[in-house]
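Asks:
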Amino acid sequence: MARRQLGRYLRDLRGRARFSVRAASQEFEWSETKMWRIESGLTSMRSHEVKMMCQFYGAPVETTTALMALAKETKANGWWMRYSDVIPETSTSTSVSKKRRESLTATGQMWCQGCSRQSGTPAS
């Protein structure tokens, strides 16, 4: 789940920076397939790769920091996995999804404010 969310944020950053998949993949010296896998959440990311992408896309420091932390989450199992034999999967995925959604909403708001400041428009 963290991979997909990270991929969505990175795809949005690339889109806002107006880079094509081809241009971004050439900059990072990756194949277009790798870019697609990253943005689709099919592969985990290292935090230094996320930092490199965010810097290239012109993301604010707060966004970069939040996405680097999210990248670290893509490699870890959630705490609920230890209890998967007792807790039904639908219960854990729903509650975890809600908590992650709440934290990412705050990050998204921070990111949007950073983008508007960067473009010269005052943040509201």
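Going by my numbering, the first residue of the sequence shown is number -15, and it counts up by one from there.
Don't be surprised by glycine CBs; every beta carbon is placed ideally from N, CA and C.
Among residues of its own chain, excluding the 5 on either side of Arg6, which ones have a beta-carbon nearer than 8 Å to its beta-carbon?
Replies: Same-chain partners within the cutoff: Glu16.
Asks: Flag this pair as yes or no: are the beta carbons of Met29 and Ala55 separated by less than 8 Å?
Replies: Yes, they are a contact pair.
Asks: Taking the alpha-carbon positions, what's the Phe12 to Cys38 distance?
Replies: Each residue's alpha carbon lies about 12 Å from the other.
Asks: So Leu(-6) is in the alpha helix (DSSP H); what residue range does that whole segment cover?
Replies: That run of the alpha helix (DSSP H) goes -14 to 0.
Asks: Alpha carbon to alpha carbon, what distance is there between Ser24 and Thr58?
Replies: One C-alpha to the other measures close to 13 Å.
Asks: Report the option in Lys18, Gly(-1), Arg(-12), Met(-15) whose CA atom is closest to the CA atom of Phe40.
Replies: Nearest of Lys18, Gly(-1), Arg(-12), Met(-15) to Phe40, Cα basis: Gly(-1).
Asks: To the nearest angstrom, how far is it from the Cα of Gln10 to the Cα of Tyr(-7)?
Replies: So the alpha carbons of these two residues sit roughly 20 Å apart.
Asks: Does the Cβ of Leu26 have 16 or more other Cβ atoms within 10 Å, making it buried, or fewer, making it exposed?
Replies: With fewer than 16 Cβ atoms within 10 Å of its Cβ, Leu26 is classed as exposed.
Asks: I'd like to check one pair, Lys35 with Met52: are the Cβ atoms closer than 8 Å?
Replies: A contact, by the Cβ cut-off of 8 Å.
Asks: Roughly how many angstroms lie between the CA atoms of Ala1 and Arg(-5), to the nearest whole one?
Replies: Taking the straight line from one Cα to the other gives about 10 Å.
Asks: Have a look at Leu(-3) and Arg21 and give me their C-alpha separation to the nearest angstrom.
Replies: Leu(-3) and Arg21: Cα-Cα distance of roughly 16 Å.
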